[in-house]
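In case it helps, the working numbering puts the sequence shown at residues 1 to 137.
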Amino acid sequence: MNRAFMPVAFAALVSVISGCSTSKDEMLPAGDSNMLELWQGKGASGSAQRGAQGREALRRPLSETEDQHADKLDHSYSRTQESEITQQFPRLPNPDMVMYVFPHLAGGNSPVPGYSTVFPFYSQVQYALPGERTEDL
Numbered sequence: 001m002n003r004a005f006m007p008v009a010f011a012a013l014v015s016v017i018s019g020c021s022t023s024k025d026e027m028l029p030a031g032d033s034n035m036l037e038l039w040q041g042k043g044a045s046g047s048a049q050r051g052a053q054g055r056e057a058l059r060r061p062l063s064e065t066e067d068q069h070a071d072k073l074d075h076s077y078s079r080t081q082e083s084e085i086t087q088q089f090p091r092l093p094n095p096d097m098v099m100y101v102f103p104h105l106a107g108g109n110s111p112v113p114g115y116s117t118v119f120p121f122y123s124q125v126q127y128a129l130p131g132e133r134t135e136d137l
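Spelled out as structure tokens, the structure:
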């Protein structure tokens, strides 16, 4: 093993072992409050105050740029005459396959004349995603 690597490996091992030496109660002391009291702000003063500040930050109004972006997003999903005419999910090509069945005997004694039949290449209709190119297919 490389001697330059040994101190790095030893330091990593010591940090891992020392990280496991603390107890849960030392890191997260249990209080007398339950979750409802903490949420309502009746628990420990520091955590309740931080929780209230966090909730207030989430309740802020939208800025002008966020409001404009939200309007553009709403218009992209709304239905218009143009979006109803154009296909948002165009069908992918599904070529027809022609099969000829040669004359044969059915059940050993009934003659069946030869015929041709047409069936699609794929068993299900496939659709392209919006923006996916289909003209080259």
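No residue lacks a Cβ here, since even glycine has one placed at the ideal position from N, Cα and C.
When DSSP states are grouped into helix, strand and coil, Leu-13 belongs to the helix group. Look at Arg-133 here: in three-state DSSP terms it is coil, with no helix or strand label. Between the beta-carbon of Val-118 and that of Val-101 there is about 12 Å, and that puts the pair past the 8 Å contact cut.
Each of Pro-103, Gly-107, Ala-128 and Gln-126 was checked against the Cα of Ser-116, and the nearest Cα belongs to Pro-103. The DSSP-derived three-state label of Phe-119 is strand. In the structure shown, Leu-62 adopts coil according to DSSP, grouped into three states. Rounded to whole angstroms, the gap between the alpha carbons of Pro-90 and Val-112 is 40 Å.
A direct Cα-to-Cα measurement between Ala-106 and Gln-124 gives close to 30 Å. Rounded to whole angstroms, the gap between the alpha carbons of Leu-129 and Leu-92 is 10 Å.
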